[in-house]
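I have placed the structure first, in the form of structure tokens, so that the comments after it can refer back to it.
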Amino acid sequence: MPRKLSKKDIDLLQQLAPEFKSLDCEGSGAPYRSILPPLANHFAASEKDFRSRLEKLNMEELQYLLLLIENGSESLGCIPTDYMQVFIDLVIEKIGEEKAEEVFRTYVEKQKC
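With our numbering applied, the sequence shown corresponds to residues 304 to 416, in that order.
Next comes the structure, spelled out in structure tokens:
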């Protein structure tokens, strides 16, 4: 579900990607509508880098992202599979397998980018 990023979303994206400067994607010119896809596709240099950025999230921030995923506000469709696995592994470690399985199901169901 496309959305306009809130102040909280923008702050979170800036925390995860300090090099983030504009709400618009440099490649397409379209505004970012989620947090994880631009992090994976535009800012993280590798899966390892993606992981290290995600590890900056505190529990409240991670739960906020999970809530956005659960309510359909956070798009997962454009995230490469290997990067999604990194996120799922982090959710397993910090929250648990049940929540990670929910995230995975959402990812599989909404593959459209």
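We put the beta carbon where it would ideally sit given N, CA and C, even for glycine.
Delimiting residues of the alpha helix (DSSP H) encompassing residue i
i    : result
F353 : 350 to 357
F390 : 384 to 397
L319 : 310 to 319
K402 : 400 to 412
I372 : 362 to 373
Same chain, Cβ closer than 8 Å to residue i, five either side skipped, listed in chain order
i    : result
M304 : Low confidence applies here, because M304 scores a pLDDT of 46, under 50, leaving its location unreliable; read the following figure in that light. Excluding positions up to five away in sequence, the list reads G375, S376, S378.
E282 : The question about residue 282 has no answer here: the residues shown for the chain are numbered 304 through 416.
Proximity test, residue i beta-carbon vs the ligand MG heavy atom, cut-off 7 Å
i    : result
L379 : Judged by which ligands are present, the structure shown has none, so any question about the ligand MG falls away.
Residue burial classification, residue i (beta-carbon count within 10 angstroms, cutoff 16)
i    : result
L370 : exposed
P341 : buried
A348 : exposed
V411 : exposed
Y362 : The residue asked about is misnamed: residue 362 is Met in this sequence, not Tyr. Looking at its Cβ environment, which holds fewer than 16 other Cβ atoms inside 10 Å, M362 is exposed.
S337 : buried
D312 : buried
R356 : buried
Contacts around residue i, its chain only, beta-carbon distance under 7 Å, and the 5 residues preceding and following it disregarded
i    : result
A403 : I391, V394, I395
Minimum Cβ-Cβ distance from residue i to chain E less than 8 Å
i    : result
S349 : Any reference to chain E falls outside this structure, which holds one protein chain only.
Cut-off 6 Å between Cβ atoms - residues of its own chain near residue i, not counting five sequence neighbours on either side
i    : result
V389 : E350, F353, R354
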